[in-house]
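Engineer: Below are the structure tokens for one structure; questions will follow.
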């Protein structure tokens, strides 16, 4: 008799476990939390693939030439400086060698960038070849502004300097002239300012009259091209064959034209717009802080979009489980926790499929294929969960709406918060409406 009573209690307990709505919700919530573990691993995979892309870019640009910033031309004029010091109670005069720097009155640069893609494995890296024309007009320079006398100047050691970020990008000896006199180029490195590039030695006798520095420079680089506005008036005109450049730096172009075959852009910068003057002694300012130009990048970064998509994974899992649970409640067809787990794994595996396809096909097409594959798989599996085809079709439609909703959020980045908030509000309203007549105590 006692044994039969124990069996009856055990059967009742097992029946309560099988039918308890509260316990079922707790189990579903636990499964959703457990699924965050493989989802985190998927996010790590995306970050790993993005790091591999950066490695490929560094490998290619390291052999081709890295991003270029052109600073110059400017005049470097060595001079002797005398100062008195006390040594053993006696005054002595020490001679030091310093350098005065003078910037041009007018700097006019015209450049044409021919971009191309280099392949490293499955990755594409943007590089360019640039034809750069430089013209710099120097007015009469007054040494008195820097308290330098003409007899202190080492006229035969003067030189014009053009700094470039990566000397490997210089394709051939530049054709440079001072007025009508050709100049010879030599490499230079300034450890004090960490600048490197080309110097053009000249022998001057005075700076009482102006002169014009002009030349052509063939320059290779990767992704970014910038210049620094050294002139009192700096004009830059850039054109190229890349259809979607990203304009960057301290100044945006006054005019820009973008078309399918390339771009055209122009800047005009005045010396009032920058934080440094026209002449310096011994120490140059940080020119790079005033650099401006553009970046030639791939139009779509599938890794950034995949990361943004993966951030909504827990939302998709919760909404899908909620839809599944409500259908289970309405149809009175019990769904085992293991079946919830399998559905969850399919939702998580979607992101691995997305990143793998996006590396080959691009993000949009990869999103479409991965979504169709996942929705199709879950539609096929849900046929075994629900006896009616109508219920399966409803569940399939709900999943499709979820993925369309996430895609719209990803593409409309500026309005993502608004669209997401409205979407979640609608989802909550629909859930409340269709579940309003459910007797949760009875269920």
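Numbering (the numbering used here), first residue to last: -12 to 430.
Even glycine gets a Cβ: it sits at the ideal position worked out from N, Cα and C.
(1) Measuring CB to CB, does residue 125 end up less than 8 angstroms from residue 91?
(2) Classify residue 89: buried if its beta carbon has 16 or more other beta carbons within 10 angstroms, exposed otherwise.
(3) Closer than 6 angstroms by C-beta to residue 180: which residues in its own chain qualify, once you throw out the five before and the five after it? Chain order, please.
(4) Alpha carbons only, please: which of 168, 130, 217, 147 is nearest the one belonging to residue 56?
(5) Could you compute how far the alpha carbon of residue 158 sits from the alpha carbon of residue 205?
(6) Grouping DSSP H, G and I as helix and E and B as strand, with all else coil, what is residue 78?
(7) Report the three-state DSSP secondary structure of residue 306 (helix, strand or coil).
(8) Does the beta-carbon distance from residue 174 to residue 146 come in below 8 angstroms?
(9) Do three or more CB pairs link the segment 364 to 373 to the segment 392 to 408 at distances below 8 angstroms?
(10) Could you tell me which whole alpha helix (DSSP H) segments of length 4 or greater appear in the segment 290 to 345?
(11) Quick one: residues in its chain with C-beta nearer than 8 angstroms to the C-beta of residue 220, no 5 flanking neighbours on either side, listed in chain order?
(12) For residue 182, I'd like the list of residues in its chain whose CB is within less than 6 angstroms of its CB, leaving aside the five on either flank, ordered along the chain.
(13) Is the CB-CB distance between residue 184 and residue 59 below 8 angstroms?
(14) To the nearest angstrom, report how far apart residue 446 and residue 285 are at their CA atoms.
(15) Considering only the beta carbon of each residue, do residue 237 and residue 278 sit closer than 8 angstroms?
(16) Please report the Cβ distance between residue 308 and residue 19, rounded to the nearest whole angstrom; I am assuming they are in contact, meaning their Cβ atoms lie under 8 angstroms.
(17) Could you check the C-alpha separation between residue -12 and residue 29 for me, to the nearest Å?
(18) Apart from the five residues just before and just after residue 403, which ones in its own chain have a Cβ nearer than 7 angstroms to its Cβ?
(19) Is residue 341 close to chain B? Criterion is C-beta to C-beta, closer than 8 angstroms.
(20) Checking the sheet assignment: what are the DSSP bridge partners for residue 254?
(21) Grab the span of the beta strand (DSSP E) containing residue 168 for me, first residue to last.
(22) Any idea what DSSP makes of residue 214, helix, strand or coil?
(23) To the nearest angstrom, report how far apart residue 373 and residue 303 are at their CA atoms.
(24) Is residue 356 closer than 8 angstroms to residue 214 when the C-beta atoms are compared?
(25) Just to confirm the assignment: which complete beta strand (DSSP E) runs, minimum length 3, are found wholly within the segment 87 to 149?
(26) Quick check on residue 49: buried or exposed, where buried means 16 or more other Cβ atoms within 10 Å of its Cβ?
(27) Within the same chain, show all residues whose beta-carbon is closer than 8 angstroms to that of residue 450, passing over the 5 residues directly before and after it, in chain order.
(28) Within this structure, are the beta carbons of residue 100 and residue 212 separated by less than 8 angstroms?
(29) Which stretch, first to last residue, makes up the alpha helix (DSSP H) that contains residue 47?
(30) Would you call residue 69 buried or exposed, if buried means 16 or more other Cβ atoms sit within 10 Å of its Cβ?
(31) Between 246, 334, 363, 317, which lies nearest to residue 301 when the distance is taken from Cα to Cα?
(32) Could you pull the DSSP bridge partners for residue 157 from this structure?
(33) Measure the C-alpha to C-alpha separation of residue 246 and residue 261 and round it to an integer number of angstroms.
(34) Could you tell me the distance, in whole angstroms, from the CA atom of residue 148 to the CA atom of residue 241?
(35) Can you tell me whether DSSP reads residue 236 as helix, strand or coil?
Structural biologist: Reading off the structure:
(1) Reading the chain shown from its first residue, position 138 is the one you call residue 125. Reading the chain shown from its first residue, position 104 is the one you call residue 91. Yes, they are a contact pair.
(2) If you number the chain shown from 1, residue 89 lands on position 102. When all chains shown are included, residue 89 counts as buried.
(3) Within the chain shown, numbered from 1, the residue matching residue 180 stands at position 193. Excluding positions up to five away in sequence, the list reads 271.
(4) Looking up residue 56 in the chain shown gives position 69. Comparing Cα-Cα distances from residue 56 to each of 168, 130, 217, 147, the minimum goes to 217.
(5) Walking along the chain shown from the start, residue 158 turns up at place 171. Walking along the chain shown from the start, residue 205 turns up at place 218. Taking the straight line from one Cα to the other gives about 6 angstroms.
(6) For the purposes of this step, residue 78 is taken as residue 91 along the chain shown, with counting starting at 1. Strand, per DSSP.
(7) Here residue 306 refers to the residue found at position 319 of the chain shown. Residue 306: helix per DSSP, three-state reduction.
(8) Along the chain shown, one-based indexing puts residue 174 at 187. Along the chain shown, one-based indexing puts residue 146 at 159. Contact flag unset, no.
(9) no
(10) 300 to 318
(11) The residue labelled residue 220 in the question sits at position 233 within the chain shown. Around residue 220: 92, 93, 94, 255, 256, 257, 258.
(12) Counted from its first residue, the chain shown places residue 182 at position 195. Taken in chain order, the residues that qualify are 150.
(13) Working through the chain shown from its first residue, we reach residue 184 at position 197. Working through the chain shown from its first residue, we reach residue 59 at position 72. Result yes, Cβ atoms of residue 184 and residue 59 sit closer than 8 angstroms.
(14) Nothing in the structure corresponds to residue 446, since the chain is present only between -12 and 430.
(15) For the purposes of this step, residue 237 is taken as the residue at position 250 of the chain shown. For the purposes of this step, residue 278 is taken as the residue at position 291 of the chain shown. Result yes, Cβ atoms of residue 237 and residue 278 sit closer than 8 angstroms.
(16) Indexing the chain shown from 1 puts residue 308 at position 321. Indexing the chain shown from 1 puts residue 19 at position 32. 6 angstroms between Cβ atoms; contact.
(17) The sequence position of residue -12 within the chain shown is 1, counting from 1. The sequence position of residue 29 within the chain shown is 42, counting from 1. Its pLDDT being 49, under 50, residue -12 is placed unreliably in this model, and the value from its coordinates should be taken loosely. Residue -12 and residue 29: Cα-Cα distance of roughly 56 angstroms.
(18) To locate residue 403, count along the chain shown from 1; it is residue 416. Same-chain partners within the cutoff: 396.
(19) Given the protein chain composition of this structure (a single chain), no chain B is represented.
(20) As a working mapping, residue 254 is identified with position 267 in the chain shown. Paired residue(s): 223.
(21) Position 181 of the chain shown, counted from the first residue, corresponds to residue 168. Here the beta strand (DSSP E) through residue 168 covers 168 to 170.
(22) As a first step, residue 214 is located in the chain shown; it is residue number 227 there, counting from the start. In the structure shown, residue 214 sits in a strand (DSSP, three-state: E or B).
(23) As a first step, residue 373 is located in the chain shown; it is residue number 386 there, counting from the start. As a first step, residue 303 is located in the chain shown; it is residue number 316 there, counting from the start. Going from the Cα of residue 373 to the Cα of residue 303 covers about 21 angstroms.
(24) In the chain shown, counting from the first residue as 1, residue 214 sits at position 227. In the chain shown, counting from the first residue as 1, residue 356 sits at position 369. For residue 214 and residue 356, no; Cβs fall outside 8 angstroms.
(25) 93 to 107, 110 to 125
(26) Here residue 49 refers to the residue found at position 62 when the chain shown is read from its first residue. When all chains shown are included, residue 49 counts as exposed.
(27) Since the displayed the chain opens at -12 and closes at 430, residue 450 lies outside it and no answer follows.
(28) Within the chain shown, the letter at position 113 stands for residue 100. Within the chain shown, the letter at position 225 stands for residue 212. In contact: residue 100 and residue 212 (Cβ atoms closer than 8 angstroms).
(29) By 1-based counting over the chain shown, the position of residue 47 is 60. Here the alpha helix (DSSP H) through residue 47 covers 23 to 51.
(30) As a first step, residue 69 is located in the chain shown; it is residue number 82 there, counting from the start. The residue in question, residue 69, is exposed, as its Cβ has fewer than 16 Cβ neighbours within 10 Å.
(31) In the chain shown, counting from the first residue as 1, residue 301 sits at position 314. Per the Cα distances, 334.
(32) In the chain shown, counting from the first residue as 1, residue 157 sits at position 170. Residue 157 is bridged to 206.
(33) Here residue 246 refers to the residue found at position 259 when the chain shown is read from its first residue. Here residue 261 refers to the residue found at position 274 when the chain shown is read from its first residue. Their backbone Cα atoms lie some 31 angstroms apart in a straight line.
(34) The residue you call residue 148 lines up with position 161 of the chain shown. The residue you call residue 241 lines up with position 254 of the chain shown. Distance between the alpha carbons of residue 148 and residue 241 is about 28 angstroms.
(35) Mapped onto the chain shown, residue 236 falls at position 249. Strand.
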